[in-house]
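The structure under discussion appears below in the form of structure tokens.
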Amino acid sequence: MNNNSNNENAILGVFSSAGYIDVGTKEKPLPYPIKDSVRSSFTGAQPVCPPAKKGLYGSKIPDVYLDKSHPWLMEGVKYQDRLKYGDTQKEKMKGFGTSDYSKRDEFSYDFRTAQHREALKMEAKHTQAATERAFREMQESMKDAAAAAPAETKRPKKLFYDLVFEDDAEDPEGLGQTAVPNSMIGGRVSNNPTQTSWGRDYGAVKTSSMACGYGIDTAHHGKPEHARVPIIEKTFYRPCAIPIKNTLYDKRPN
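Read left to right, the sequence shown gives residues 1 to 254 (full-length UniProt numbering).
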């Protein structure tokens, strides 16, 4: 097929080999595109933003009044934990004939860190007061229980499990083990303290159901005076003290 030729055309099986420039002719190839000139808006002086005449956020920048120094932000002003908008932004200016300009600085002057710090401080204050009050009531209840406790005798008391089954000597017929008044089972009144239909003598011991939520039924749950919701309590869970008898959240702090 290639007539015993070993050149490029014979090996590739083409009649003519391709060159680097295959557009146009060798004498006059295709010229490169001509670069356009730069737009007139890109030449000359560029528009710049004039510096603020009174500085930014209370501090001058180097371009103000040719002052090439960097004074510290809020220099000489005492630190305030609570930022008050009425004191910092007393003068409100209108822009473009609307009140949007005056509202913009009011709503943008919002500090989440200060709000969280204030909410945590007030919650810690109420939690500490509730804890101290619960501790005082616990001390008083322990004193009353110790004073009202009967004198110890030498005869040991029966265990709580043994009190379920009465002695056979006291009940020879065996009718008092499950007998309760006004029931379908006949028999005498039982001294079993585990019966759910009789009051039990707990003494100085309190169950967990008595401790959790103690006093919540008598607590007054009213609307707050101001529409102020604690941010932290609505965000995540955290252990808090349970109010004792009267809730401490009746009145919101001013």
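Don't be surprised by glycine CBs; every beta carbon is placed ideally from N, CA and C.
In this structure, S141 is the residue among D217, L12, T25 and S141 with its C-alpha nearest to the C-alpha of K206. The C-beta separation of N9 from S17 comes to about 6 Å, placing the pair in contact by the 8 Å criterion. Annotation: R39 to F15 spans about 49 Å, alpha carbon to alpha carbon. Annotation for L12: the continuous alpha helix (DSSP H) segment containing it runs E8 to L12. Looking only at A211, T218, C212 and A146, the smallest Cα-Cα distance to A204 is reached by A146.
Per the coordinates, the alpha-carbon of I34 lies some 43 Å from the alpha-carbon of N6.
Between the C-alpha atoms of G44 and D36 there is a straight-line separation of about 18 Å.
Counting along the chain, no alpha helix (DSSP H) covers S17, and no H or E run does either. Under DSSP, G24 forms a beta bridge with P29. Linking P29 to L12 through their CA atoms gives a straight-line distance of about 25 Å. For S208, the uninterrupted alpha helix (DSSP H) segment begins and ends at S208 to A211. Annotation: D217 to A134 spans about 16 Å, alpha carbon to alpha carbon. The DSSP-derived three-state label of K35 is coil.
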